[in-house]
Every structure is written in structure tokens, then in C-alpha cells.
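Worksheet: the structure to be examined is printed underneath.
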Amino acid sequence: MKVLVTGSAGFIGSAVSLRLLERGDEVVGIDSHNDYYDPSLKEARLARHIDHPNYQHFKINIEDGPAVARLFKEHKFDGVINLAAQAGVRYSIENPSAYINTNLVGFGHILEGCRHNKIGHLVYASSSSVYGANTKTPFSIHDNVDHPLSLYAASKKANELLAHTYSHLYNLPTTGLRFFTVYGPWGRPDMALFKFTKAILAGEKIQVFNFGKHRRDFTYVDDIVEGVIRVLDKPAQSNLNWSGTNPDPGSSLAPWRVYNIGNNAPIELLDYIQAIENALGMEAEKELLPLQPGDVPDTYADVDDLVKEFGYKPSMTIEEGIRNFVNWYKEYDKNG
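Pasting the structure below:
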């Protein structure tokens with residue numbers, strides 16, 4: 003296959019590109035290399051695969067409609083994995099326009115590229131954030147998700163709606179993957195694991211929101227990648243039993259699907275920090291703070307549909323996953 007991976011210098015995008023190349027696919031990667039966090043980490047991720055003979059890389063921002071259109075026209079992709087997005091819940095409160103421009107306008111350009119070039123399957127990153135104010139757990143794709151608590155969450159829900167329209171109007175198979183708190187080596191510096199590890203090693207206090215009572219369905223990056231690849235290989239199908247009288251939010255008469263990819267085992271934040279302390283052999287000094295605007299107290303993925311339709315369930319334990327990250331971080335920090 004020839005696959006476009008957007009956000010290919012990102013945490014998940016780089017890992018997905020590597021896996022596709024390992025199995026013999028041809029990969030075209032694009033990334034804006036923006037400075038939301040230190041671009042040197044993006045360059046370091048990219049260095050792992052940029053010289054691979056089956057990889058081509060272009061510095062393109064998906065907000066640039068003409069550039070995206072040219073790319074699609076020139077390369078004739080079989081499939082597209084859209085992982086380019088402005089990430090982060092709290093930053094969406096500070097800088098809403100970044101989310102509208104990238105996650106809505108940019109995603110629209112990807113959909114147009116797929117539509118006009120008869121792409122076989124578009125797989126795109128959604129987020130557990132779409133569950134917003136929902137309190138019934140585990141979160142199911144068959145639950146309504148119309149009450150987002152941050153602009154980031156709203157932009158991801160909007161991606162699912164936009165994709166559905168293109169699936170319905172143009173018979174474009176699209177699958178949205180709701181990722182649950184992804185962590186692991188080469189992760190983002192704005193995420194808890196990276197921030198906590200860096201601060202603990204430096205002897206600095208860590209800020210623990212919701213007084214450490216958050217529960218998160220932490221999902222290891224390799225488990226996410228495996229899910230993405232399996233879904234890519236099986237384009238979304240119409241649900242012929244779907245009914246507008248009792249509409250299922252997780253499927254459609256159009257070739258449109260959404261799935262959760264989560265570890266299906268939520269961990270309390272204080273226990274997560276304990277696992278980091280164990281891996282480092284150091285104790286953290288904690289500043290306990292209240293729940294932050296836009297945050298949800300708990301996330302918990304129902305992955306029954308992923309298991310049933312793809313025979314796959316994430317399995318990495320939190321202890322091993324954090325050890326892998328800590329080992330990577332010490333090496334990266336030493337060479338940085």
C-alpha cells in the first residue's frame with residue numbers, strides 16, 4: 003500500500019510510519035514541524051525513518067489547502083492516516099484559533115483530498131475527550147457524545163461529524179479512533195508522564211490536578227499503533243441494520259465507523275505517579291490542585307467493538323510501559 007501519514011513527526015504519527023515501513027508499505031509523511039513543543043523532539047523522532055527508501059517526507063501544514071491538494075494529486079494514495087492535529091485540552095482554552103484552523107479547516111482539506119482522489123480508507127485520530135460530560139462508564143461508542151467540555155473535544159467530535167458527511171455523500175470509507183491517554187517512549191513533553199519524569203529527576207515539585215483522583219485509561223503507544231494498522235487494513239463498512247428511528251452513534255448506513263482504543267483498565271493518577279516513582283527509584287514532591295477547566299475526572303474505554311471486529315485489545319501493563327518510557331527518557335535526556 004501507499005499510505006499518507008499526516009503528523010508524521012508526531013508521537014503517534016512517527017510510530018505508525020515506522021510500523022508501516024517495517025511491513026513493506028510505502029509511506030509519505032507530512033508535518034508542519036510547529037513549535038507547540040520543542041521541534042527538536044520531532045526531528046529526533048523523524049530521524050528514525052526519514053532515510054528509509056520507502057519513505058518520503060514533506061513539510062506541509064494541513065491548513066494549507068492548495069499544498070494538500072497538490073500532494074494528493076501527485077501521489078495517488080491507497081489509504082490515509084490523519085494524525086495531524088493541535089493537541090491538548092488546556093491549551094485549547096488559551097489558543098482556540100489553533101484548534102479551529104488545524105482540527106477543523108485542516109481536516110476539511112484532508113477530506114477533500116480523499117474525496118477527489120478516490121482514497122480507499124481514511125483513518126483519523128479522534129479522542130476520548132469527546133465523551134465530555136458523560137458519566138456512564140466504561141465509555142461506549144454506542145453512547146451519545148454531544149456534551150464536550152473543551153474546544154479540543156468539540157473539534158474531535160466535529161471531525162467525526164465531518165467524516166460522516168463525506169462517507170454519506172461520497173461513499174468514502176472513514177474510521178475515527180478515539181484514543182485514550184496515549185503514553186510511551188518519544189511521547190509529548192506537554193503530557194503528564196514526560197512532565198512528571200522530567201520534574202522528579204530535577205528534584206522539582208509536580209502539579210497533581212483533581213488532588214490525584216483522576217482516573218485515566220492510559221494506553222501504550224505500541225498498542226495504539228497496532229490498533230491503527232489493523233483498522234487501516236479493514237475499511238469501514240455500512241451497518242445495514244442501522245435505523246434512523248433508533249440511531250446507533252457508533253455506526254451508520256454510510257461506510258463510517260468509530261472505535262475506542264484504550265487499555266480498558268483505568269488507573270488513578272496517584273497510582274500512575276507511584277509507578278513513575280518506582281521506575282525512577284525516586285519520590286515525587288506533589289502539589290495537589292483542584293480539577294482544571296476542560297478536564298474530565300475519569301476515562302474508561304469500552305473496547306468490545308474493537309475486540310469483536312478486529313480481534314484486538316491493548317495489553318501493555320502500566321508498570322512495563324512506564325519503565326520503557328523512563329529508560330527511553332534517560333537516554334534521550336543524556337543525548338539532548
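The sequence shown lines up with residues 3 to 338 when you count with my numbering.
Glycine included, every Cβ here is placed at the ideal spot set by N, Cα and C.
Keep in mind that this is a model prediction, so the values were computed, not measured.
- For N84, the enclosing beta strand (DSSP E) starts and ends at G81 to N84.
- The three-state secondary structure of D307, taken from DSSP, is helix.
- Here V260 carries a strand assignment [DSSP, helix/strand/coil].
- Considering only K78, N63, G67 and F79, the residue with the shortest C-alpha distance to Q88 is N63.
- Residues G186, M318 and G323 of the same chain have their beta carbon placed closer than 6 Å to that of Y222, with the five preceding and five following residues left out of the count.
- Going by beta carbons, I83 and V184 fall outside the 8 Å limit.
- In this chain, the alpha helix (DSSP H) harbouring V70 covers G67 to H77.
- By the Cβ-count criterion, P191 is exposed, with fewer than 16 other Cβ atoms from all chains shown falling within 10 Å of its own Cβ.
- Residue nearest to G189 within the set R25, E28 and P41 is P41 (criterion: CA-CA distance).
- Straight across, the Cα-Cα distance linking N248 with F13 is about 38 Å.
- Nearest neighbour of S34 by Cα position, chosen from D66, K61 and A155, turns out to be K61.
- Judged by their CB atoms, L234 and H123 are nearer to each other than the 8 Å cut-off.
- Within 10 angstroms of the beta-carbon of G264 lie 16 or more other beta-carbons, which makes it buried.
- Taking one beta carbon from each stretch, the segment 209-222 and the segment 107-127 have fewer than 3 pairs nearer than 8 Å; the two do not touch.
- Per DSSP, the unbroken beta strand (DSSP E) holding K288 starts and ends at K288 to L290.
- Looking at the DSSP output, H59 sits in a beta bridge with G31.
- Ranked by Cα distance from V18, the first of T139, V230 and S254 is V230.
- DSSP, read as helix, strand or coil, puts Y39 in coil.
- Counted as a single uninterrupted DSSP element, the alpha helix (DSSP H) harbouring L171 occupies residues L153 to Y172.
- Exclusion of the five residues before and after S129 leaves Y154, A155, K158, R180 and F181 as the residues of its chain whose Cβ lies within less than 8 Å of its Cβ.
- Distances from the CA of A267 to each of A165, V107 and D304 were compared; the closest alpha carbon is that of D304.
- Straight across, the Cα-Cα distance linking S245 with D145 is about 15 Å.
- As the crow flies, the alpha-carbon of M284 is around 7 Å from that of I202.
- Contact between the segment 206-213 and the segment 253-263 is absent: fewer than three C-beta pairs spanning the two stretches fall below 8 Å.
- L242: not part of any beta strand (DSSP E); DSSP gives it neither H nor E.
- In the structure shown, the three-state DSSP call for D300 is strand.
- Within the same chain, and ignoring the five residues on either side of T139 in sequence, the residues whose Cβ sits closer than 6 Å to its Cβ are Y302.
- Here DSSP, grouped into helix, strand and coil, assigns R21 to helix.
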